[in-house]
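Chemist: This structure is in structure tokens; I'll ask about it shortly.
Chains as they are written, first to last, in our numbering: chain A, 1 to 125; chain B, 1001 to 1131.
As structure tokens, this is what we get:
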């Protein structure tokens, strides 16, 4: 197919999604590096601690916000990362669509479970 | 023409025809650790939900994470996370247009050495803080 000047300046290419996927992967990757370094630091200090201590730490507003932000970024990164794996290895159209759907459910499900848990801890029983 | 078209088109992954190299191995490991982390997030979700549920259920989850099997999984999880993170940073270096020369080999090796060292360091730190 011929590239029209309009399609060229829109820069969307053959997949019609342009660099959106690539950019989202890098954006969430950068966010993950920053947020997960903090998260790893928090988890390392909480190893073997009592429930009360863990709740006290996780319910601090700054920790809660960082955790929720991390889970949003992680869930998006997970979804688009697994999407690429599915698109690479699953060639049957029906199975591919089903797996892509499951992938989205899984990423949202895990993300929402984590975020809900953090908010529940933060706002108290 | 009919002879060549009868042969099925090659589909990914076509690993069998290549000799394994460092850069190739690290690329594969990056994808495998990514997939492992994908499912490993369930552990984080379980830990957070357990903490939100109450002290009793939290102790159940902690008992699993404290067992030898749980510790083994967490050790693998830590390494996968650090390795995937360093692999991602390597991708950021490539995104700037750098790191495509012979230094690719060094970068690939550094990713593995770095991930193993940082994992050991983090676990040592957790042990020190715990006692």
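The beta carbon of each residue, even a glycine, is placed where N, CA and C say it ideally should be.
No experiment lies behind these values; they were computed from the predicted model shown.
#1: Closer than 9 Å, CB to CB, is residue 120 of chain A near chain B or not?
#2: Considering just the uninterrupted stretch of the alpha helix (DSSP H) at residue 1053 of chain B, what are its terminal residues?
#3: When the Cβ atoms of the segment 1082-1090 of chain B are set against those of the segment 1111-1124 of chain B, are three or more pairs found closer than 8 Å?
#4: Relative to the alpha-carbon of residue 1091 of chain B, which residue among B:1076, B:1032, B:1027, B:1120 has its alpha-carbon at the smallest distance?
#5: Does the distance from the CB of residue 1122 of chain B to the CB of residue 63 of chain A come in under 9 Å?
#6: Taking residue 1106 of chain B as part of the alpha helix (DSSP H), name the residues at either end of that continuous run.
#7: Going along chain A in order, which residues have a C-beta closer than 9 Å to the C-beta of residue 1063 of chain B?
#8: Along the alpha helix (DSSP H) that carries residue 95 of chain A, what are the first and last residues, could you check?
#9: Can you tell which of A:96, A:84, A:77, A:39 has its C-alpha closest to the C-alpha of residue 27 of chain A?
#10: Can the beta-carbon of residue 59 of chain A be found closer than 9 Å to that of residue 124 of chain A?
#11: Tell me, to the nearest whole angstrom, how far the beta carbon of residue 115 of chain A is from that of residue 71 of chain A; I am working on the premise that it is less than 8 Å.
Modeler: In short, the structure shows the following:
#1: yes
#2: 1022-1053
#3: yes
#4: B:1027
#5: Not in contact: residue 1122 of chain B and residue 63 of chain A (Cβ atoms no closer than 9 Å).
#6: 1103-1130
#7: Going along chain A, no residue has its Cβ under 9 Å from residue 1063 of chain B, so there is no contact; the nearest lies around 12 Å.
#8: 93-123
#9: A:77
#10: Cβ atoms of residue 59 of chain A and residue 124 of chain A: closer than 9 Å.
#11: 5 Å
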